[in-house]
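In the numbering used here, the protein residues as written are 678 to 985.
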């Protein structure tokens with residue numbers, strides 16, 4: 678049964694949204710897009726995946742979000758799902774013209790194996806092929822037709838560190854991100870040129886410090902106590918990218934962390950001035966509208982359909 682469609686507004690950094698909804702225009706932008714997407718698959722250790730529960734009978738049917746800039750619609754993205762895994766993503770411009778689309782394919786273990794992005798005419802722009810060892814992401818082959826080249830993502834793990842290296846076809850390093858783990862296995866610090874560090878309590882970030890070259894910014898976090906995430910929202914980003922995602926610090930644009938794109942045990946309301954969220958829930962306690970505001974001039978509104 679399809680629940681009523683409502684608006685959901687989400688606040689994303691412009692670089693993240695550009696990666697989801699518009700065409701890549703440079704090598705730098707492609708690297709940022711890849712960093713954002715694949716790092717949400719970095720932590721795919723299925724050993725800690727929560728047990729199956731009856732709430733998994735709640736499925737996403739469709740998610741739509743619209744990017745609003747200066748009060749005007751700038752772009753729209755639509756996601757189609759099968760059993761809470763995205764299988765197709767479509768990006769439209771402000772007047773509803775299809776700009777690009779992406780297909781997702783998964784292996785028997787539920788981890789994403791291939792993500793292919795197409796131009797609106799069906800020609801291939803980018804292919805990402807994912808490699809795993811013991812259900813941990815260790816490599817991504819990135820075939821970029823628009824640049825006529827191939828680059829590679831290599832991820833290595835140790836007890837307290839994850840290194841994420843981007844290299845060209847000759848093995849030359851293009852980017853290196855480091856993620857430091859605490860004793861519970863959560864990332865508490867990232868460094869890819871702009872260090873970010875958070876304070877964790879019960880797996881939730883309570884504050885964050887970002888060290889820019891010219892200044893240091895500090896942010897406090899606020900959460901909803903009720904309702905608690907359930908059904909597909911308990912592992913939204915994990916299902917979205919086909920792997921378990923229980924990490925906190927991310928680097929999408931190569932600048933700061935994004936609590937907005939990780940699975941948390943509570944719904945986040947704000948992360949300082951970076952992120953403000955407003956929710957609307959249905960009678961079952963599922964969010965049907967989320968409005969995210971990143972600045973006075975930029976916000977994102979999500980609309981969600983569920984299928985039972």
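The beta-carbon is built from N, C-alpha and C at its ideal position, and this holds for glycine as well. What you are looking at is a predicted structure, and each value in this text was computed from that prediction instead of being measured.
Residues sharing a beta bridge with residue i, DSSP
i: residue 785; result: Residue 785 is not bridged to any residue.
i: residue 826; result: 821
i: residue 802; result: Answer is none; residue 802 lacks a bridge partner.
i: residue 910; result: DSSP lists no partner for residue 910.
i: residue 888; result: 893
i: residue 882; result: 877
i: residue 844; result: 829, 850
i: residue 900; result: 945
i: residue 868; result: 855
i: residue 977; result: 969
Neighbourhood of residue i by C-beta, 8 Å cutoff - its chain only, sequence neighbours within 5 removed
i: residue 942; result: 879, 880, 881, 905, 906
i: residue 902; result: 943
Other residues of its chain near residue i: CB distance less than 6 Å, five sequence neighbours each side excluded
i: residue 953; result: 947, 970
i: residue 765; result: 757, 780
i: residue 755; result: 741, 767
i: residue 972; result: none
i: residue 899; result: 946, 947
i: residue 874; result: 866, 886
Closest by C-alpha distance to residue i, when choosing among the options
i: residue 914; options: 898, 940, 896, 936; result: 940
i: residue 796; options: 767, 909, 844; result: 767
i: residue 855; options: 871, 746, 950; result: 871
i: residue 828; options: 844, 816, 835, 839; result: 844
i: residue 753; options: 817, 771, 852, 762; result: 771
i: residue 834; options: 774, 810, 760; result: 810
i: residue 750; options: 769, 760, 762, 759; result: 769
C-beta contact flag for residue i and residue j at 8 Å
i: residue 830; j: residue 841; result: yes
i: residue 782; j: residue 791; result: yes
i: residue 743; j: residue 977; result: yes
i: residue 887; j: residue 894; result: yes
i: residue 968; j: residue 955; result: yes
i: residue 735; j: residue 909; result: yes
i: residue 812; j: residue 786; result: yes
i: residue 803; j: residue 820; result: yes
Sequence-distant residues of the same chain with beta carbon closer than 7 Å to residue i, five excluded per side
i: residue 974; result: 746, 747
i: residue 837; result: 857, 858
Anticipated Cβ contact below 8 Å, residue i with residue j, distance rounded
i: residue 801; j: residue 777; result: About 11 Å; that fails the 8 Å criterion.
i: residue 911; j: residue 896; result: Actually they do not touch by this definition, with Cβ atoms about 25 Å apart.
i: residue 839; j: residue 815; result: With 8 Å as the limit, residue 839 and residue 815 do not qualify as a contact, their Cβ atoms being about 11 Å apart.
beta-carbon residue i near the ligand GDP non-hydrogen atom, thresh 7 Å
i: residue 949; result: Questions concerning the ligand GDP fall outside what the structure shown contains, since it holds no ligand whatsoever.
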